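Under the working numbering, the first residue of the sequence shown carries the number 985, and numbering increases by one thereafter. First up is the structure itself, then whatever we jot down about it.
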Amino acid sequence: IIATLGCILPSCLIVSALSWLYRKYRALPLMQSALAALRPVVVALIAGAFLSLLQSALWQGPPSLAGLDWLQALLFLCAFVLLRRKKPSPILTMFACGLLYLLLNLP
């Protein structure tokens, strides 16, 4: 319990302090411009995490067509199209893709 609190408590305190500061000073032009400057950074961080996860999921080594896991690539593409067009639950879609991958790889 103490180790968990040691990991979680600092983040909770920092987020609480930032939330308090944002609520107090959100109308200031300086705060608005700082948040506007952070938006591209957040997008870049999310894109970097996405590409890293995609690479580790689809390739076991350096990216190449020879090392591509075609089943995972096909499942990713189908899930992406399904999520964009039909808008099902992303959690259920991930669960279904994982289950389908396991079923297709059974000996």
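For every residue, glycine included, the Cβ atom is placed at its ideal position computed from N, Cα and C. Please read these numbers as outputs of a predicted model, since none were measured by experiment.
Report the partner residues of residue i according to the DSSP bridge assignment.
| i | result |
| --- | --- |
| Leu1052 | Trp1043 |
Do you know how far the Cα of residue j is from the Cα of residue i?
| i | j | result |
| --- | --- | --- |
| Tyr1006 | Ile998 | 12 Å |
| Leu1052 | Gln1044 | 8 Å |
| Lys1071 | Ile992 | 33 Å |
| Val1027 | Leu1035 | 12 Å |
| Pro994 | Leu1014 | 26 Å |
| Ala1050 | Ala1021 | 41 Å |
| Arg1069 | Gly990 | 43 Å |
| Leu1090 | Gln1016 | 53 Å |
| Ala1063 | Leu1076 | 11 Å |
| Leu1086 | Ile985 | 35 Å |
| Val1065 | Leu1029 | 23 Å |
Just reading off the alpha helix (DSSP H) that residue i is part of, what are its end residues?
| i | result |
| --- | --- |
| Ile1075 | Pro1074 to Leu1088 |
| Leu993 | Ile986 to Tyr1009 |
**Message:** Counting beta carbon pairs with one atom in the region 1051–1067 and one in the region 1028–1043, are three or more of them shorter than 8 Å?
**Reply:** yes
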